[in-house]
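Beneath this line is the structure, given in structure tokens, with notes to follow.
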Amino acid sequence: MTAGPPAQITGLTALPPRTVEFRGARGGQAALTWGQQGIWRSTQWLDDGDPYFNLAWTLPVTGAAGLDAVLRAVGRLVERHETLRTAFIRDGEAGETGEAGEDVGPDTVQRVSREGRLTVGVYEAAAKPMSAAKALAAELAATGFDYAAELPIRCAVVCQRGRPRALALALSHLALDGWSLNMVAAEWPRLVAGEDLPDPGRQPLDQAASERSDPPPGGQALRHWQAGLASAPRSMFDFPAREPEEPRFVRHGMDSPAAAVAAEALAARHGVTTSSVLTVASAALLAAVTGHHTVALQLIVSNRHHPGMETMAGPAAQDGLCVVELGAGTFADALRIGHRRTMATYRNGHYDPALVLAAREAEAWDRGADIDLDVFYNDVRQGGRWQGLPAVDPGDAEALAALRSRTRTFFVGAYSKVKARIFFATGPASSTCEFYVLVDTAFLPGDVAGRMLTGLEELLVRAVTEEVPLDRVAKVAGLDPVRRPAGWTAVGPDWVDLKETEALLRRVCGTGLAAVVVEDPEDGAADGAAARLTGYLVTRPGLDTPEAVHTAMMRAAAGRTDVLAPHHYVLCTAPPAEPGGWPGCPRSTEGGGRAPSSAMTLLER
Amino acid sequence: MLRERVAELVSKASGGDLAVADILAATCSLPALGLTSISYLRLIDLLETEFDCDVDLDGGHLDTLDGLVEHIAGQRK
Chain E
150 MTAGPPAQIT
160 GLTALPPRTV
170 EFRGARGGQA
180 ALTWGQQGIW
190 RSTQWLDDGD
200 PYFNLAWTLP
210 VTGAAGLDAV
220 LRAVGRLVER
230 HETLRTAFIR
240 DGEAGETGEA
250 GEDVGPDTVQ
260 RVSREGRLTV
270 GVYEAAAKPM
280 SAAKALAAEL
290 AATGFDYAAE
300 LPIRCAVVCQ
310 RGRPRALALA
320 LSHLALDGWS
330 LNMVAAEWPR
340 LVAGEDLPDP
350 GRQPLDQAAS
360 ERSDPPPGGQ
370 ALRHWQAGLA
380 SAPRSMFDFP
390 AREPEEPRFV
400 RHGMDSPAAA
410 VAAEALAARH
420 GVTTSSVLTV
430 ASAALLAAVT
440 GHHTVALQLI
450 VSNRHHPGME
460 TMAGPAAQDG
470 LCVVELGAGT
480 FADALRIGHR
490 RTMATYRNGH
500 YDPALVLAAR
510 EAEAWDRGAD
520 IDLDVFYNDV
530 RQGGRWQGLP
540 AVDPGDAEAL
550 AALRSRTRTF
560 FVGAYSKVKA
570 RIFFATGPAS
580 STCEFYVLVD
590 TAFLPGDVAG
600 RMLTGLEELL
610 VRAVTEEVPL
620 DRVAKVAGLD
630 PVRRPAGWTA
640 VGPDWVDLKE
650 TEALLRRVCG
660 TGLAAVVVED
670 PEDGAADGAA
680 ARLTGYLVTR
690 PGLDTPEAVH
700 TAMMRAAAGR
710 TDVLAPHHYV
720 LCTAPPAEPG
730 GWPGCPRSTE
740 GGGRAPSSAM
750 TLLER
Chain D
2 MLRERVAELV
12 SKASGGDLAV
22 ADILAATCSL
32 PALGLTSISY
42 LRLIDLLETE
52 FDCDVDLDGG
62 HLDTLDGLVE
72 HIAGQRK
């Protein structure tokens with residue numbers, strides 16, 4: 150990458166760019182780390198050149214360092230962190246393709262260049278160099294990276310009266326995550342001062358080797374996923390879809406010191422973290438809207454508590470599965486249970502994505518529907534806490550009410566493509582609760598994002614002074630539960646549109662000769678056993694075993710959140726005379742059709 | 002002794018932010034004392050390694066010093 154065209158930013162004058170030559174301790178090539186695979190998969194889901202995963206960033210230059218010292222510091226930064234000289238390339242033939250047609254990456258490798266050159270733009274600012282650097286960083290980040298051919302870092306030095314005052318950066322998220330950015334920020338002034346820093350230790354190449362050790366890490370995390378998948382609803386969005394707005398995904402934000410003060414008070418009272426309070430509050434709001442008692446969320450897990458990963462620059466975060474059973478108690482009860490679930494999730498976030506994908510496919514095959522986990526929560530606060538919150542006694546209702554007058558909600562943006570149906574996030578602000586909600590308007594109206602924000606604040610503030618029963622959360626938060634028309638029924642943790650399920654089975658049969666009925670648990674079944682769906686159909690060549698029918702149903706139901714493949718198939722030789730006569734029809738064969746799938750075979754290896 | 006050793010590990014997991022004496026004297030939960038999520042996860046790893054035990058975070062009562070001590074003592078029987 151060159152420094153790009155002269156910046157069209159008011160008050161910036163482009164000076165001749167400089168070249169930084171770097172030579173690190175080693176180069177090399179390895180498979181992607183599990184953390185890299187997560188970001189890589191997300192980037193592949195977007196269109197080529199989409200800058201969504203670029204990070205615009207600015208570092209100040211303090212003291213009397215000259216341009217040469219700053220450029221040396223840039224070079225040493227790239228030399229010490231291999232992730233900043235790593236390309237992502239296809240090794241050999243094209244890789245396998247995943248469920249959405251994306252390259253899932255087994256043949257994509259990380260390649261570290263030992264040496265190279267980085268062109269650094271140099272600019273003179275007329276005034277406010279940090280502000281100018283921020284605008285410049287945004288401009289540098291506005292173009293997607295060529296992950297195979299380009300260094301994952303672009304930068305420019307902003308000077309004032311010839312003296313460097315700031316470094317504007319655009320970074321690929323494939324190179325750094327939030328934790329790594331904080332590490333680099335801490336190193337930067339020392340590098341500019343010319344200090345010798347200790348070797349950072351583990352690099353992504355080492356991490357890749359560690360993840361392929363024998364036995365590999367992640368066994369416990371895989372078991373956590375398998376248990377969570379078995380109890381999670383197959384989708385939180387199993388209700389009628391709606392005409393999406395344009396653009397489809399809408400994000401709103403909130404700045405609420407009152408929500409932060411209330412969350413701190415609740416955390417202290419119940420012996421939990423504020424991160425758990427916000428996670429459980431998000432889960433409770435989603436449950437209230439979607440009519441679920443069990444909520445499945447994916448938490449973004451930094452994975453930095455693992456030995457050695459604390460000092461590695463590079464993406465280490467992975468999605469962790471958090472299933473919270475909210476039950477019939479109060480929000481306070483849910484906080485205590487939910488805190489343990491969130492901690493277990495954060496502990497079990499380091500795993501082989503291929504094995505978790507296989508576990509997910511195995512559960513889908515067994516359950517009879519894709520497992521949709523597109524509900525996310527991310528807490529990007531440094532150390533997972535606030536500092537410097539207003540000194541307000543949360544027990545003083547008047548003071549808390551007064552603090553709420555400072556709450557601000559705002560529209561953030563609308564996007565045409567996001568891999569989430571709802572995304573809750575706590576922003577980095579340290580003296581207020583900066584919170585965001587993104588919704589997929591194909592399922593929920595866009596204004597629900599804003600109403601969830603004010604609802605979150607209301608729920609937290611209310612819970613400080615009174616017990617809030619979970620079945621009153623929707624009312625307290627001012628949210629409208631979704632309405633499922635007649636014909637929808639609960640089967641275990643899942644809601645199913647029976648009419649659509651039957652219509653799908655008929656389409657799969659191609660003859661229209663099929664029916665789906667709900668059958669109660671058999672006598673002697675375990676307490677709490679769910680009702681099951683039985684599909685009746687007339688057998689025909691090619692569709693003459695339960696396995697063949699289940700395979701066809703799963704294919705036809707892919708991506709849908711309203712239907713569920715029957716748990717049991719009865720293949721009859723002839724249709725009944727009356728629509729309700731299926732159970733009495735002569736049968737050729739019957740069964741669940743759940744012969745071990747290829748995903749199960751992978752897991753058993 | 003076990004209680005003191007677990008308190009030392011809590012302090013170590015916190016990166017020295019929490020003093021052993023304060024941990025031993027606390028009557029509140031570890032998060033309320035200021036142990037962050039990431040330090041808590043580090044602590045669980047340290048405990049499992051040192052005492053060769055399994056700490057199931059869904060087990061409950063593991064957010065206080067005494068709850069952890071009791072859990073470890075129970076696993077060592």
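Taken in order, these protein sequences are the chains called E and D.
The first sequence lines up with residues 150 to 754 when you count with our numbering.
The second sequence lines up with residues 2 to 78 when you count with our numbering.
Note that beta-carbon positions come from the ideal geometry of N, C-alpha and C, so glycine has one too.
Residue j beta carbon less than 8 Å from that of residue i
i: E:Y685; j: E:A652; result: no
i: E:L435; j: E:G469; result: no
i: E:E606; j: E:A407; result: yes
i: E:V622; j: E:A437; result: yes
i: E:T428; j: E:T491; result: yes
i: E:G184; j: E:N452; result: yes
i: E:G599; j: E:T558; result: yes
i: E:R351; j: E:M458; result: yes
i: E:A122; j: E:A287; result: Residue numbering for chain E in the displayed model covers 150 to 754; residue 122 of chain E lies beyond these limits and cannot be assessed.
i: D:L47; j: D:L10; result: yes
i: E:E264; j: E:R172; result: yes
i: E:V631; j: E:T439; result: yes
i: E:L325; j: E:R229; result: no
i: E:Y272; j: E:C308; result: yes
i: E:D404; j: E:E583; result: yes
i: E:F202; j: E:T192; result: yes
i: E:L285; j: E:I158; result: yes
i: E:I188; j: E:H373; result: no
i: D:I45; j: D:V56; result: yes
i: E:E360; j: E:T182; result: yes
i: E:W535; j: E:S579; result: yes
i: E:P634; j: E:P389; result: yes
CB contact check: residue i to chain D, cutoff 8 Å
i: E:V421; result: yes
i: E:S329; result: no
i: E:S424; result: yes
i: E:H442; result: no
i: E:A550; result: no
i: E:D252; result: Only weak support exists for where E:D252 lies, its pLDDT of 48 falling under 50; the value from the coordinates is given anyway. By this cut-off, E:D252 is not an interface position.
i: E:R453; result: yes
i: E:R489; result: yes
i: E:P436; result: The sequence as given places Ala at residue 436 of chain E; Pro does not occur at that position. No, no contact with chain D.
i: E:A635; result: no
i: E:A416; result: yes
Cβ of residue i within 8 Å of any chain E Cβ
i: D:C54; result: no
i: D:T37; result: yes
i: D:I73; result: no
i: D:D64; result: yes
i: D:L48; result: no
i: D:L42; result: yes
i: D:L58; result: yes
Min CB distance residue i to chain A below 8 Å
i: E:P456; result: Among the chains of the structure shown, chain A does not appear; the protein chains present are E and D.
Are the stretch 577–597 of chain E and the stretch 611–623 of chain E touching by the rule of at least three beta carbon pairs closer than 8 Å?
-> Flag = no, the stretch 577–597 of chain E and the stretch 611–623 of chain E do not touch.
Check each residue of the stretch 357–372 of chain E: if its Cβ is closer than 7 Å to any Cβ of chain D, include it; give the result in chain order.
-> Contact residues of the stretch 357–372 of chain E toward chain D are absent (C-beta to C-beta distance below 7 Å).
Counting pairs of beta carbons, one from the stretch 225–236 of chain E and one from the stretch 445–465 of chain E, are three or more of them closer than 8 Å?
-> Output reads yes: the stretch 445–465 of chain E touches the stretch 225–236 of chain E.
Taking one C-beta from the stretch 474–487 of chain E and one from the stretch 348–365 of chain E each time, how about it: are there three or more such pairs within less than 8 Å?
-> Contact between the stretch 474–487 of chain E and the stretch 348–365 of chain E is absent, with fewer than three C-beta pairs closer than 8 Å.
If you scan the stretch 468–537 of chain E from start to end, which runs of the beta strand (DSSP E) of 3 or more residues do you find wholly inside it?
-> List check, beta strand (DSSP E) in window: 524–528.
Return the residues of the stretch 492–521 of chain E that lie within a Cβ-Cβ distance of less than 8 Å from chain D, sorted by chain order.
-> Listed by position along the chain: M492, A493, Y495 and R496.
Give a yes or no on contact between the stretch 375–390 of chain E and the stretch 510–522 of chain E, applying the rule of three or more CB pairs nearer than 8 Å.
-> At 8 Å Cβ cutoff, the stretches touch.
Taking a Cβ distance cut-off of 9 Å, strictly less, list which residues of the stretch 24–35 of chain D are near chain E, in chain order.
-> For the stretch 24–35 of chain D, the set of residues with a beta-carbon nearer than 9 Å to any beta-carbon of chain E comprises C29, S30, L31, P32, A33 and G35, in chain order.
Where are the beta strand (DSSP E) runs, 3 residues long or more, that stay fully inside the stretch 276–342 of chain E, in chain order?
-> Here the runs fully enclosed are 302–309 and 312–321.
Fully enclosed by the stretch 364–448 of chain E, which alpha helix (DSSP H) runs are 4 residues long or longer?
-> Every unbroken stretch of the alpha helix (DSSP H) spanning 4 or more residues and falling wholly within the stretch 364–448 of chain E is given here in chain order: 368–380, 406–419 and 423–439.
Using a Cβ cut-off of 9 Å, which residues of the stretch 285–298 of chain E contact any Cβ in chain D, in chain order?
-> Within the stretch 285–298 of chain E, no residue has its Cβ closer than 9 Å to any Cβ of chain D.
Assess, as a yes-or-no matter, whether the stretch 501–520 of chain E is touched by the stretch 548–567 of chain E under the definition of 3 or more beta carbon pairs within less than 8 Å.
-> Counting C-beta pairs closer than 8 Å gives fewer than three between the stretch 548–567 of chain E and the stretch 501–520 of chain E, which falls short of the contact rule.
Contact residues within the stretch 520–541 of chain E, judged by C-beta distance below 9 Å to chain D | Listed by position, the residues of the stretch 520–541 of chain E near chain D (Cβ gap below 9 Å) are D528, G532, G533 and R534.
Three or more beta-carbon pairs under 8 Å between the stretch 6–21 of chain D and the stretch 31–40 of chain D, yes or no?
-> Three or more beta-carbon pairs drawn from the stretch 6–21 of chain D and the stretch 31–40 of chain D are found closer than 8 Å, and the two stretches are therefore classed as touching.
Okay, do the stretch 566–581 of chain E and the stretch 393–406 of chain E touch, 3+ Cβ pairs below 8 Å being the bar?
-> Contact holds: three or more Cβ-Cβ distances are below 8 Å.
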